[in-house]
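Chains B, U, C and X, in that order, give the protein sequences. If you read the first sequence in the numbering used here, its first letter stands for residue -7, the second for the next number, and so on. If you read the second sequence in the numbering used here, its first letter stands for residue 542, the second for the next number, and so on. If you read the third sequence in the numbering used here, its first letter stands for residue 568, the second for the next number, and so on. If you read the fourth sequence in the numbering used here, its first letter stands for residue 5, the second for the next number, and so on.
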Amino acid sequence: MIKFVPQLINLFATLILLLSFAMISQRRIVSLIHLFMIQGAALVAASFLLAYVTHQPELYISGVLTLLLKVICIPWMLHRMIRKLNVRWDVETLLNIPTTMLIGIGLVIFAFSLALPISRLSDAVAGGALGIALACVMLSFMMMITRSKAVPQVIGFLSMENGLLFAATTVTNGMPMIVEFGIALDVLVGVLILGVFMFQIREKFDSLDIHHLETLKDE
Amino acid sequence: MSALFLVLGIPLLGALALALVGHRAYARDINVVFSLLSFLSACAMTAQVIQDGPQFVWDKQFYIDPLNVFLVTLTAFVSLNTAIFSRPYMRIEQDHGKMTPPRMRLYHSMYQLFSFTMLLGFTTNNLGIIWVAMEAATLTTVLLVSVYRTPASLEAAWKYFILCGVGIAQALFGTILVYMAADKALGSEHATLLWSSLSDIKGQLDPTIMSLAFVFLLIGYGTKIGLVPLHSWLPDAHAEGPTPVSAVLSGLLLNVAMYAVLRCKVLTDGALGTQMAGQLMMGFGLLSVVVAAFFISRQKDVKRMFSYSSIEHMGLITFAFGMGGPVANFAGLLHMTVHSLVKSAIFFTVGHATQKAGTQVMSEIRGLIKVNPAVGWGLMLGVMAILGMPPFGVFASEFLILTTAMREQPWATPFLFLALGVAFASMLIRVLPMVFGDTTLKPLAHPPALIPVFVHLALGLALGLYIPPYLDGWYVAASRMLGG
Amino acid sequence: MPSLTIAATWTHLDWVLIVVTAWLLIGVVGIAALRRFRFVAVVLFPLGAIFSVLLMAVALSAAYATPEVAVLPLGLPQLPFHLRLDNLSAFFLLLIGGVSAGVSTFAAGYFRQGEGTPPGLLCLEYHVFIASMAMVVLADDAYVFMVMWETMAFSSFFLVLANHRIPEIRSAGYLYMLVAHVGALGILLCFGVLQANTGDYTFANMRAQHLEPFWASIAFVLAVFGFGAKAGLLPLHAWLPDAHPAAPSPVSALMSGVMLKIALYGILRVGFDLLQTRIWWWGVLLMGVGLLTALFGVVFSTVQVEMKRLLAYSSIENVGLMCAGLGLSLLFSSYGMQALSALALTAALYHMLSHAFFKSLLFCSTGAVLHATGERSLGKLGGLIRTMPWVAWLTLVGVLACAGLPPFGGFVAEWLLLQSFLFTTGLPSSFLDMLVPVMAALIALIAAFSGFTMVKYFGVVFLGQPRDEKLARAHDAGRWERLGMLWLVVGCVLLGLFPNQVIALMEPVTQRLVGGGLAHTVADSSWLLVPVNIDRASYAPVIFLLGVVLTFGLAFVLVRRLYHGRLRRVPPWDCGHPWQTARMQDTAEGFGQPIQQIFDPFFRVTKQQPSAFDDKPIYDVKVEDPLWYWLYLPVARVVEKLSRIVGQLQQGRIAVYLMYSFATLIVVLLVVKR
Amino acid sequence: MSALGVFSQLMALVLALLLAPLLTGWVNQWRHWLQNKSAPSLLQPYRTLHKLFNKDSLIAEHASPLYRFAPYVVFGCMLLASAIIPTISTDLPLSPAADAIALVGLFALARVFISLAAMDVGTAFGSMGARREMLVGFLAEPALLMVMFCASMITGSTSLTTIVETLAHRDLAIYPSLLLAGVAFTMVSLAENARVPVDNPDTHLELTMIHEALVLEYSARHLALMEWAASMKLFAYSCIGLALFFPWGVAEANAPLALLLALPVLVFKLAIGGMLLAMIETASAKMRIFRVPEFLGTAFLLAVIGLLVNVLLGGT
């Protein structure tokens, strides 16, 4: 069993990467949220696995945290939100999907090339995951750039955090507990605030289209 | 029992208390009282440090050393004065109907929470907690910026949130990498994010990881410092929030971010043994100074202008620390101190001025000196100070930075020369008619709070002429620690 | 800190510091008595004048003394205020004290209750201004120097803005402050070079450094740029003719009488004292810039139609001449010709001193005229010698001195300068040998020009018939104003009549800076001014004056004795033209017109001339400074363009902002990776 | 200073006072002869002065004291000037008091006062004259200075006596620089003494006059002093010219015989000079006022070139 663990981790890693790509390509917001949920689930699974192998109870805890937050709370809130605001589609992206994908692939290569020297000298169970995590971060970054509605941007933001958490879990077998808690708290509050904001933006501009948020400029 | 817990506890308590009663009329005073208390406890803590040197608290989770002790006191002090200033200011805002009781509650409790997060960020010894504090500070200030609920403020807050959130995320990645490096150096069971322990073994940290980590940390925290081209959120957030918030934002929050970068720079330098970090910082700093200077020259909104000037000064500070060496580091620390004093003072006067004029558009603010000489002179002197007129402290640091740069980095001096010249020209030409000449303004409903302004300016002046020995000692020790 | 126990043990430096503190205190009292105008005018300003006299006395006794140093517990921890009172500083303190004594007395009668800055505040700014100038001269490290330098700048800036309700004055103040600050940045960088990366900013350390020629030249050029901006050297002169008229007259008097000299002091301090190396082309640079400035200034001053602008341009001219003197001296000393170098330096110093006196005198006179008539444009003045004789006659002395006529101070300076230019054969490079006589010719031309300007100034303002009926009601200057002007006049006359004694004061300075002096030649010929030796050149102002006065008196008496002194007052001859009006006299424009015609390319002239058929003919000529259009506006335009480009960065779209961050991340990662 | 020195000094003064009008008369005579007019007597200038001194002086009612002082000042300046120019002897106790530069300064002083006085009354002509006088002056002055400098670069001194001594008592050498200087000096002295082609001493043609416009308002004794001063100026200039370019025959310190000899020599030289001046005036035509700057600019340029030539060819 043990000897399969690294492969398993890497499997999850690839899964997460795959999901980020899927998110980039996905237009329907509801399915975006689902993808996000699955990503969270994969993350949780990975951390449990690691916890089991490395016998680190903290990892269980962080896994549970992630589960609560990323798989249950946030998706649920997002669902409520889009139902309330009834935004279903993010029709026009600023960059058309195929181009985005191509750029994304480039990014992945770049991220791997960055991470390679480090992963070589990594002795953690799945040092190779660093590159993937980095790739996820960059992909979600690009997703935030390309999406023109508020909700997808937020989801991109959250999936970026997923990538980070994945890095934290796999590369360093979890951050110190207190930090984990802190991060979790911040994320939760952040999402709450974002939610509130979206309602306010909606009521001010009666749309969640970010094009309305372009009045402050220096031209 | 260290006074540190008071320093952290009081604002937290204040946040809770004001969350309950923040909408009452007397909440303003409570706000001031809590700020006062935390300032006093900060003084007590400083006294302790003066007595028995740097101290660890709560098994090394918190740490007071020369680099952060004066920053903590400064933060407490400025937020106290800002609280005093915001008493009449927010009252008038409420009269104008821009604030409602619930918003006042939000404002007050978030104000306390914000100062808590900053103090936490300064005092913690744990790089992870610094990150958490920064994120928390972002969240609280986002709420503060959007407190008016106007479309503009919402837009500003949204941009602020998204951009800084993403930036901070990079910083987290950097932190993880640092942890990874620590993991390598110490083995996974002793791995730690405690800065003090890391800096003991910084020589053994893996250079490849650390260089990568520093890039992410610099870009992450640099976003909050407002380094060009990561600065885009800053002018919006400063201009659209309430003026007290602008004051603390550019006076204090930027310092916290800068502080975080400094901590990381120390580790990176130790690990790499090269100038990489320094050169990056110099590059960003110089870019920020020049670009910000040109931005200043085309502003119409007074608060935007001064927020760009904050970018300029932060760039200057970054450049100084990037240059490294005892003199430049000393200058950087001094500049951090004086800039937060003077800049917040400027925002105070600007706040009163904008309330008189009922607008932030500079071309409609005229002849302050006739309506209210104190405000007028406050603005004039503040601008003189921020433009690097001696004997204000800003000049002292700029003097050191420029003279050092002239021989250490001669290539940079033409840019600095150009930028400072342009900034001077474009800021003075805007402010002169605002202060002097005939006026169209009307006096205020409530007497403005001018004590903070002149206290800050006086301190800024004093620091140009006389730096008290303790402070000097801290500066020197800190700059030695920062090395470079 | 020196012990302040027994006055007997006080050093000169202590006394100077006492004067400075006294001035500051006076200023503070002024703030306390913000609007009690009489008190400020009649008590505070004369008090300040008394202390100025004290300063002068101290400086006189310190002129030969050995340098004294002190360290104040102020400034940066590693860098407290180092002060040093050596002969050079003593000389300039003398200048400051002497002039400010007169000007403060004048100011006591000058400032009126009115709009703008309240008198108490003016009092503060005024005294901070002179105090900072004194401190600049005392400074012995870069930091205190810069602090005092900028304090000087912005105290005078607020003084210029005293009447800030007039937009022109505001823009003048703005330009002044801007140029001053840019110059200050230059000086700052210059010190940055001089400290040679030692982190030690004391002048002592800078003297100890031996820079390689490249860095030394950079330092020198930066110094010329920085101090030149303050002194009004081309092309950074544009602020001067705006700022001087904008300021209240006593302030313009101080600015042009003293502050410009302080700027030159900076050049002296850096170029002659701090920098150990001297390179010949530095001298040529200074000379070239100086003479160019001088010519430019004098040509422009002849065509001015506003009295203070006229004087301001004439100040530019004089500064240029001084600069030329400094340059020549530098040139000589770079070739190790001590004697000639000392001669040139003495000429420059002498010119500084005399210019300080006569120019502040003239500015005071404009102030008096301004008060009496409320009119600053030459075109509306005239005939004031009858309504305000005091001012007129006192001004006449200043005018003659400024025109460089014997036997006044201005002439001695020009005489020395010409002497030093004249005997410069034997320079190593023949190019310089050719250059120097041409420069001498230029100086002669400039000197003659200034005569023209001064005749215009005095003639149009005080002589002729009043060009405006309200001038008939003009009243003469008050008690204080007369007193102040009288003091300055005495200064001019003494400087003119006793050059030997004055030069003796400069001896230590020249000895320190260029290792030579005139005193040994001057000393042995008591009533003659002999720079080199009696056969070569000599000048005796006293005898000269006596000669003129004697012949004058003799002629007067004899004519009366041999003939008679009968006199009849009649209307002037009307050339058979029944109605003669005051408007038929030359206007200011008219008087300057020939010069304007000759030096047409210098100016940017916009004319509006009537045709023969206009029923309401309008003749209007605007003469402007072309440099404004060639240099200043283009720079402003470039900045504007750049800022427009930069402004594009901030165009509101959050996606773009995110893109910035992303791109930055990628780029930096790439940079670090390779 | 020796007794002889004092004597020769007084001598110089008296000569200046007495010979100056004579010189003017002489030049006028020659001009008339050359223009086929019947000439006034040689002593006419004295008569004019005497007449003027006898008259009552008329002064404009609002003229200031300066207006009345000016003639005396001008007169004093000119007298002093002619006192320090070595006319018959180089042993002048007064000459160290003022060298060439101071001499130019002296002329300038006189000019400034005469112009101020002209502006004082405030008639159209007065100020016009003043303007033109200053215009002429500010170009002539430096030119004159440059001429002096040529000589003083050769002799290494600016003190007139030294210059004359050195020039007179070194074996004859041709100085190209002095040639240029000489031409320049002639032009300058024409302008300075209000002579054709720059100005015409005996017209009151309103548009062209310079010197006459200055003294237009003066009458009686003041006018007399002015005229006397003018003729002394002419005398002084001629003497300078002679001293610089034909210095031979000027007596040295304690050489009484030479002193005796010097007087006739001087008179002779002046006679020739006056004649030449008259010839120039007759031969040339009055030029437009705005040509004057060009005329004097040329003079200035010539002098400077002389200076450069001197440097180039090395004075001696």
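Every residue gets a Cβ at the ideal spot worked out from N, C-alpha and C, and that includes glycine.
Quick check: what's the CA-CA separation for residue 309 (chain X) versus residue 1148 (chain C)?
47 Å
If you run the structure through DSSP and keep just helix, strand and coil, what is residue 866 (chain U)?
helix
CB residue 942 (chain C) to CB residue 673 (chain C), shorter than 8 Å?
no
Does residue 570 (chain C) come out as helix, strand or coil in the three-state DSSP assignment?
Its pLDDT being 46, under 50, residue 570 (chain C) is placed unreliably by the model, and the measurement read from it follows with that caveat. Looking at residue 570 (chain C) - three-state DSSP - the assignment turns out to be coil, as it is neither helix nor strand.
Within the same chain, show all residues whose beta-carbon is closer than 8 Å to that of residue 53 (chain B), passing over the 5 residues directly before and after it, in chain order.
169, 172
Would you please state the rounded distance, in angstroms, between the beta carbons of residue 668 (chain C) and residue 619 (chain C)? I believe it to be under 8 Å.
4 Å
Cβ-Cβ distance between residue 977 (chain C) and residue 921 (chain C) below 8 Å
yes
Can you list, in chain order, the residues of its chain with a C-beta nearer than 7 Å to that of residue 994 (chain U)? Leave out the 5 residues immediately preceding and following it.
886, 889, 890, 919
For the alpha helix (DSSP H) containing residue 256 (chain X), name the first residue and the last one.
Note, residue 256 (chain X): premise wrong, no alpha helix (DSSP H); not H, not E.
The stretch 919 to 935 of chain C touching the stretch 879 to 889 of chain C, judged by at least three CB pairs closer than 8 Å:
yes
Specify the secondary structure class of residue 144 (chain B) as computed by DSSP and reduced to three states.
helix
Are at least three pairs of beta-carbons, each pair with one atom in the stretch 774 to 786 of chain C and one in the stretch 839 to 858 of chain C, less than 8 Å apart?
yes
Along the chain, where does the beta strand (DSSP E) that runs through residue 1175 (chain C) open and close?
1171 to 1175
Can you tell which of B:187, B:208, B:133 has its C-alpha closest to the C-alpha of residue 1231 (chain C)?
B:133
So which residues of chain U does residue 717 (chain C) contact, with C-beta pairs closer than 9 Å?
929, 930, 931, 932, 936
Rounded C-beta distance between residue 798 (chain C) and residue 743 (chain C)? I'm assuming under 8 Å.
That belief does not hold up - the Cβ atoms of residue 798 (chain C) and residue 743 (chain C) are roughly 13 Å apart, past 8 Å.
Is the beta carbon of residue 935 (chain U) sitting closer than 8 Å to the one on residue 876 (chain U)?
yes
DSSP three-state label for residue 570 (chain U), please.
helix
Shortest alpha-carbon distance to residue 781 (chain U) belongs to which of U:702, U:576, U:695, U:563?
U:695
Alpha-carbon spacing of residue 919 (chain C) relative to residue 15 (chain X), whole angstroms:
41 Å
Mark residue 264 (chain X) as exposed unless 16 or more other C-beta atoms lie within 10 angstroms of its C-beta, in which case mark it buried.
exposed
Please decide whether residue 51 (chain B) counts as near chain U, where near means a Cβ-Cβ distance under 8 Å.
no
Burial state of residue 1176 (chain C), where buried means 16 or more other Cβ atoms lie within 10 Å
exposed
What three-state label does DSSP hand residue 842 (chain U) in the structure shown?
strand
At 9 Å on the CB atoms, spell out the chain C contacts of residue 954 (chain U), in chain order.
756, 759
Can we say the stretch 83 to 98 of chain X touches the stretch 8 to 27 of chain X, given the rule of at least three CB pairs closer than 8 Å?
yes
Against chain C, with Cβ distances strictly below 8 Å, would residue 209 (chain B) count as a contact?
yes
Please list the residues of the stretch 838 to 850 of chain U that have a C-beta atom closer than 9 Å to any C-beta atom in chain C, keeping them in chain order.
838, 839
Quick one: does residue 1199 (chain C) have its CB under 8 Å from some CB of chain U?
no
Tell me where the alpha helix (DSSP H) around residue 774 (chain C) begins and ends.
770 to 775
By the three-class DSSP mapping on this structure, what secondary structure does residue 996 (chain C) have?
coil
Contact list for residue 944 (chain U) against chain C, beta-carbon separation under 8 Å:
709, 755, 756, 758, 759, 762, 768
Report the rounded CA-to-CA distance for residue 915 (chain U) versus residue 991 (chain U), giving the unit in angstroms.
8 Å
So what does residue 665 (chain U) bridge to, in DSSP terms?
U:603
For residue 831 (chain U), which residues from the same chain have a beta carbon less than 6 Å from its beta carbon, with the 5 sequence-adjacent residues on both sides left out?
956, 960
Do we get a CB-CB distance below 8 Å when we pair residue 700 (chain U) with the residues of chain C?
yes
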